[in-house]
Amino acid sequence: MEKRRVANPLALAVLAFLLWEPMHPYELGRRLKETDKERSFKYNRGSLYMVVNQLRKAGFIVERETVRDTQRPERTVYELTGEGRAELYDWLRELVAQPQEEYPRFGAALSLLSVLAPDEAVELLGRRAEALDGQAEEIRGKVRQATEQGVAWVFLVEEEYRLEVLDAERRFVGRLVESLRDPAYGREWQRIFGSRA
């Protein structure tokens, strides 16, 4: 796995959007929001401008022109360079083909779950299951609406992935709750943590 000169995943989104056409950072932000990419890329206006500047310094994008309109401040339009196009495809191919270790917060919590009393863990996991169901239903609604509007499936693939991950997590949480309700686990937890709780 190659070390990237600009490693922020938001840079990948910027490169991809500039593949379509040159634009200024404000327009990039509008398009990211418009296409719901903020669900995949964490950013704000400041971080977007910072990434654009990093990409420019790395030679992946260049200033194409500066536009001035009487009602808005001057805006610099950027376009992808040949090196930027190569970086986009190389990085995207790497991310698609090679699984990488990620450190989700839920995984961290699960690694320490035994600290919680079984009844409390079951109650908290029940709340999580309800939240997961709500998120999944929201995604299904968005996908259904987008499909009805004629959006091609390939532009919804990240939502389909999210849905699969949520469904898998929901099934996992259900099995975990059953294990936590096992009286044998309750007795073992009491033996280990009972005096410390």
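Numbering (full-length UniProt numbering), first residue to last: 1 to 197.
For every residue, glycine included, the Cβ atom is placed at its ideal position computed from N, Cα and C.
Every alpha helix (DSSP H) of 4 residues or more that sits fully in the segment 151 to 183 is shown, in chain order, as 157 to 181. Note that the C-beta distance between L55 and P25 is not below 8 Å. Judged by DSSP secondary structure, E34 falls within the alpha helix (DSSP H) whose first and last residues are 25 to 34. When secondary structure is reduced to three states using DSSP, V115 falls in the helix class.
In the structure shown, the three-state DSSP call for E94 is helix. CA-to-CA, the gap between V62 and S40 works out to about 25 Å. Taking 8 Å as the cut-off, the Cβ atoms of A11 and V51 count as close. Excluding sequence positions up to five before and after V157, its CB lies less than 8 Å from no other CB in the same chain.
In the structure shown, E74 falls within a strand segment according to DSSP collapsed to helix, strand and coil. Here the segment 150 to 168 makes no contact with the segment 75 to 89; the two share fewer than three CB pairs at distances below 8 Å.
Here the alpha carbons of Q145 and F155 stand approximately 13 Å from one another.
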